[in-house]
Structure formats: structure tokens, C-alpha cells
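Read the structure below first, then the notes.
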Amino acid sequence: AVIEICDVLYHYRDKITFVLTRHEQAAAHEADGYARATGRVGVCMATSGPGSTNLVTGLATAMMDSSAVVAITGQVPIPAIGRDAFQETDTTGVTLPITKHNYLVKDARHLPRIVKEAFYIARTGRRGPVLVDIPRDVSRTELDDETAIVTEMNLRSYKIITRGHALMVRRATDLISASSKPVLYIGGGVIASGATDELRELAERCQIPVVYTLMAKGAFPDQHPLCLGMGGMHGTVAANMALNTADLLICIGARFDDRITGNTREFAKHAKKIHVDIDPAEIGKNIRPDVPIVGDAKIVLQQLLEIVEPKRHDEWIQQVEEWKREYPLVYRRDSELLKPQYVVELTAQLTGGSAIVVTDVGQHQMWVAQYYPCHRPRQFISSGGLGTMGFGFPASIGAQFGCPNALVIAFVGDGGFQMTMYEL
10 AVIEICDVLY
20 HYRDKITFVL
30 TRHEQAAAHE
40 ADGYARATGR
50 VGVCMATSGP
60 GSTNLVTGLA
70 TAMMDSSAVV
80 AITGQVPIPA
90 IGRDAFQETD
100 TTGVTLPITK
110 HNYLVKDARH
120 LPRIVKEAFY
130 IARTGRRGPV
140 LVDIPRDVSR
150 TELDDETAIV
160 TEMNLRSYKI
170 ITRGHALMVR
180 RATDLISASS
190 KPVLYIGGGV
200 IASGATDELR
210 ELAERCQIPV
220 VYTLMAKGAF
230 PDQHPLCLGM
240 GGMHGTVAAN
250 MALNTADLLI
260 CIGARFDDRI
270 TGNTREFAKH
280 AKKIHVDIDP
290 AEIGKNIRPD
300 VPIVGDAKIV
310 LQQLLEIVEP
320 KRHDEWIQQV
330 EEWKREYPLV
340 YRRDSELLKP
350 QYVVELTAQL
360 TGGSAIVVTD
370 VGQHQMWVAQ
380 YYPCHRPRQF
390 ISSGGLGTMG
400 FGFPASIGAQ
410 FGCPNALVIA
420 FVGDGGFQMT
430 MYEL
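Counting from 10, one number per residue, gives the positions in the sequence shown under my numbering.
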């Protein structure tokens, strides 16, 4: 169902790199890894029927972690749809809950516009996968150059709020000024928006310790004095103590995931909460904020930096430093066994902490998050929301294609590796 598309791709091989995978799930993970490592849109393609259904796990993984992927699938010819034709599947129906948007192209003249829209939707707002399902008779259609060129898009129902409401921003700065034990709780939205410089400036100006989620590892340097590490069930004691002792929680680009909060009624119950997110649906979904701000993390941080005054929290910083000293991450270094934690630490030493590290899912994932210090965004890639075993190896391939001059290291367990090792 996609042979005509493959034929055309061959003629553009000097501009478009075509990578043949062994399995469609791996194709989706490779596109995802490419997107996460580069910040650009990753693209994968599959034929109709089992080809498109094999993409499902990869698309769901990208959806949960807000990764910009465009999936192109083949479909039976339009007259055969609904007749149980060979390799027919309701691809748009199957993928509706696990994509940001999807299309079934019924008119070849609409295809150029749809493809342009797909890339735009995938990479803007809260990023996510978009699927374009193309019936075979549509892909066979030839268009003249004038029809194929799209200069404008008019997505009336797709409006993105990037700038925070001025009143909410002012309220947020008032809370920051009044707080004595603030914590910045950051998620993957900080990396997606390119807000790492603004985040660091706010943390340093107001002397606010930073706790990150798994998806935000690298958004704030692990070795920065204000970094408390990852929060939640696999996080540091200092991070969790700070979250639950703070009088102000400034949440930026995170969704209050259950593996961070635990019992939401008890989570950070002493703190006022500011929640900044590009997706209005996330505001108040898990935790009710005192100050909700819908907007792009980078732009909202810039708004805050325009008006927030410098402030010191010496006693608070002294307290979190004491927690860091008293409760460090530890393992038995005198063991005769080769400890996975030691392997991760040694890898960090040998690479100078500069490699792009990709993990599969399991305990090794958490050891890497704990023991490999990251100092820049897009350096740590993992399946966080869906927890997809088999993600790590193909995602590392995609990351390497996206960053050909970088050292990419995949940490995978035996189970996850066996799920997608055919990509060797």
C-alpha cells in the first residue's frame, strides 16, 4: 500500500534518508528517538493492516512523552474501505486515542495541505504524534505543481496559547516574592520549549532549588548546586523532602505524574502551587493549582524574569544541602559483584558525561537516571509515561541518525533488548 511512496522516495534519495527497519514498532521508536535528540520531527512509515497496527506501541510511547512524530501509513483503495479488503484496518480509529491528530486522506488534492498540517501540529503546542493514512489510489494520483504547493494553513480549531495571562504571571511573582521555601518542579515541557537558560536564570536569581522529573533530566545541570535531582519514587531523598516541605511549588512543564506525587492528597500539602503548562487540559487534572498559567514554558519564564526581584533563601538552601549530605545515593561499593550502578558511573567518567544516553525500561533505567549526571537538554532519552520495554535500542539508532557526530550509548536490560534486538 506504500510502494508508490517508496518509489518516489527513491528519486529524492539525495535529500531524504530512507532507513529500512526490521519491524514497524522499531520504526516508530527510531523516529521518536530522532525527534527527542534533535528537537525536530521524526518520521516513520508503514504499510496498511498489520504494518500500521505494529506502529501502535511506538505512537503511544511518543504520545505519552509529547514527542513530535509524523507517521505515514498506507491504506486500501477508497472504494475498498469498509469491505474487509486484504490488509484493511481502521487505522485512524485504532490510533485516535494515541495520536495528537490523525487524517484519512480521501482526496489527493488535499494531501499536500494535510502533510504540511501534520508536521505543524506535531511540533507546535504540546508536541505529539500525528498520523496520515493514505489510501493506495490516492498515493497513485499525480498532481500538477501548482496543486502540490501549499503556502498557507488555516487551522481555525487549533489555537495555541503561548503567552501567560498577565494577571496570573503577576500573582505568580507575588507568591515567589512571599515564599521562604520555594521549589522549582520541572518537567519535559522545559526541554520541549527550549527554556533551560530561562529556568537557570530564575533559579539562580531567586535562589530556588530545582527538582526534575524523569523526562526533564538534563534541563537543569545535575551538578549545579541548586539541583536536588529527580523526585518521586525513584528520586533522591533531598528532592522528595524538599517537595513535601516547600511552601511554594513552581511547576513548569510537568503533569504531576503519579510516580512523582504518590497520594495526591498528601503531596506537597504545605505548599501553594503555580502550574505552567502549554496544554490547558493538564492544568488541574491531577493537582489543583493556586495560580494556573497556560502558556509556553520559555515565554512564561521570560515574563516572570521581567518582573521578579532577586531574593535569597539562605536558611532554606542550608536545609536542602543538609539533606543532600545526609541522604546521598548509595550502593555497596565493596561488593565482589559488578554493580550496575558502578557501570553507569564508570561510563559517565569515561565519556566525561557528554554522551547522549538512551535507556530501555526497567530498574536499569532508574540507575541511569540516578547515576549518570546530565548537563544539557536532549542528553537523556527514555520512555517515561508508557514505560515501553524494547524502546531503548531502536530509539538510540534514531538518536544517532539525528546526531551523527555524537556518542550515543544505549543502556538496555536483557528482556527489553530481546524485544527489539532484530534491529541489529
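Don't be surprised by glycine CBs; every beta carbon is placed ideally from N, CA and C. These numbers come from a predicted model, not from an experiment.
Contact annotation: H38 and G67 have beta-carbon atoms nearer than 7 angstroms. The beta carbon of E210 sits closer than 7 angstroms to the beta carbons of L314 from its chain, once the five residues preceding and following it are set aside; these are given in chain order.
Counting every other CB atom within 10 Å of its CB across the protein chains shown gives T100 a total of 16 or more, marking it as buried. Cα atoms of D267 and T273: separation of roughly 8 angstroms, rounded to the nearest angstrom. Residue pairing by DSSP places H284 opposite C260 and P301 in a beta bridge. DSSP places L113 within a strand segment (E or B) once states are collapsed to three. Restricted to the segment 165-192, the alpha helix (DSSP H) segments that are unbroken, complete and at least 4 residues in length are 175-187, listed in chain order. A Cβ-Cβ contact shorter than 7 angstroms links A277 with N253. The alpha-carbon separation between A357 and P337 amounts to approximately 18 angstroms. For D267, the uninterrupted alpha helix (DSSP H) run begins and ends at D267 to T270, by DSSP. Taking 7 angstroms as the cut-off, the beta carbon of V300 is found closer than this to the beta carbon of I283. Under the DSSP assignment, F420 falls in the beta strand (DSSP E) whose first and last residues are V417 to F420.
Remark: three or more beta-carbon pairs, one from each stretch, lie closer than 8 angstroms, so the segment 65-83 and the segment 392-406 are flagged as touching. Secondary structure at F402: helix, using DSSP grouped into helix, strand and coil.
For L68, the uninterrupted alpha helix (DSSP H) run begins and ends at V65 to M73, by DSSP. Taken through DSSP and simplified to helix, strand or coil, V370 comes out as coil. Annotation: the segment 194-235 contains the following complete segments of the beta strand (DSSP E) (minimum length 3 residues), in chain order: 219-221.
Taking the CA atoms as reference points, H20 sits about 55 angstroms from R179. Boundaries cannot be given for D99, as no beta strand (DSSP E) includes it and DSSP labels it neither H nor E. The way I'd put it, the segment 114-122 doesn't touch the segment 166-175; fewer than three beta-carbon pairs between them come closer than 8 angstroms. For the pair A290 and A46, the CB atoms are not nearer than the 7 angstroms cut-off. Just so you know, the alpha carbons of V377 and I200 end up roughly 19 angstroms apart.
In the three-state DSSP reduction, P319 falls in the coil class, being neither helix nor strand. Remark: three or more beta-carbon pairs, one from each stretch, lie closer than 8 angstroms, so the segment 86-102 and the segment 41-57 are flagged as touching. The DSSP-derived three-state label of F389 is strand. Around the beta-carbon of S189, fewer than 16 other beta-carbon atoms lie within 10 Å, marking it exposed.
The beta carbons of C236 and K320 sit no closer together than 7 angstroms.
If you look at T254, you'll find it in the alpha helix (DSSP H) that goes V246 to T254. Straight across, the Cα-Cα distance linking H32 with E432 is about 8 angstroms. Rounded to whole angstroms, the separation of the alpha carbons of A77 and G51 is 6 angstroms. Here G401 really is in contact with V367; their C-beta atoms are around 5 angstroms apart, less than 8 angstroms. Rounded to whole angstroms, V85 and T150 show a C-alpha spacing of 14 angstroms. For L140, the enclosing beta strand (DSSP E) starts and ends at V139 to P144. Rounded to the nearest angstrom, the gap between the Cα atoms of V303 and T70 is 24 angstroms.
For C53, the secondary structure class from DSSP, reduced to helix, strand or coil, is strand. Just so you know, the alpha carbons of L176 and P230 end up roughly 31 angstroms apart.
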